[in-house]
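The block underneath contains the structure these notes are about, expressed in structure tokens.
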Amino acid sequence: MKIKHFLLTAAFIMQGAHASEFAILPLSKLVDAALKHQPSVAISYYETEKKKSDLEATRASLYPTLDLS
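Using mature numbering (1 follows the signal peptide of the UniProt record, and there is no 0), the letters of the sequence shown correspond one by one to residues -19 to -1, 1 to 50.
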């Protein structure tokens, strides 16, 4: 029984050591890589940006206007 616990503990320790070898990347770099290498991500991103721009234009049309004539 002790051997089983020892082997399980050793396996988890080795797995943790292996996981720490990977570099931690900031989210902005991951997003940039996704935009560069995945066309579907880029399409979705730019469609979202277009919708934001359309929303701003719609909101701007609700503001009062000044006519000098």
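All residues carry an ideal CB built from backbone N, CA and C; glycine is no exception. Everything numeric in this text was worked out from a predicted model, so none of it was measured.
Can you tell me whether residue i is helix, strand or coil according to DSSP?
i: Tyr26; result: helix
i: Thr39; result: helix
i: Asp13; result: helix
i: Leu6; result: coil
i: Pro20; result: helix
i: Thr46; result: coil
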